[in-house]
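Taking it in order: structure first as structure tokens, then the write-up.
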Amino acid sequence: MCAEKIHKLMIAIILGLVMGMVALGNIQIAFLVQFILMIVFIVWALTGFCLSLSILKKIFPPCGFDNKA
Numbered sequence: 003m004c005a006e007k008i009h010k011l012m013i014a015i016i017l018g019l020v021m022g023m024v025a026l027g028n029i030q031i032a033f034l035v036q037f038i039l040m041i042v043f044i045v046w047a048l049t050g051f052c053l054s055l056s057i058l059k060k061i062f063p064p065c066g067f068d069n070k071a
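For the sequence shown, this note's numbering begins at 3 and goes up steadily by one.
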């Protein structure tokens with residue numbers, strides 16, 4: 003699995019956890035996690051830099067990586 007796909011899965015899992023926290027009544031924690039995620043997306047959109055994606059690319063190959071090199 004490549005880094006970008008893992009990154010998208012991580013985002014989906016985090017959003018699912020936020021929904022679960024709201025359902026359980028942990029609205030303050032859910033708001034905090036959602037706010038942090040929004041800040042990360044804004045920084046990523048304005049600068050093109052995503053810390054979690056850059057860390058994942060060091061661990062996993064990027065999408066489109068050819069192992070036959």
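A virtual CB, placed ideally from N, CA and C, is assigned to each residue, including glycine.
Predicted model, so just to flag it, every value in this text is computed and none were measured.
Rounded straight-line distance, which links the Cα of residue j to that of residue i
i, j, result
"residue 31", "residue 43", "18 Å"
"residue 53", "residue 40", "14 Å"
"residue 55", "residue 18", "19 Å"
"residue 29", "residue 48", "28 Å"
"residue 38", "residue 3", "26 Å"
Status (buried if at least 16 other CB within 10 Å, exposed otherwise) for residue i
i, result
"residue 71", "Because residue 71 sits at a pLDDT of 47, beneath the cut-off of 50, its placement in the model cannot be relied upon, and the point is left open."
"residue 11", "exposed"
Host alpha helix (DSSP H) of residue i (start-end)
i, result
"residue 33", "29–49"
"residue 23", "5–26"
Checklist entry - Does the region 49–66 come within contact of the region 3–18, defined as at least 3 CB pairs closer than 8 Å? => result yes
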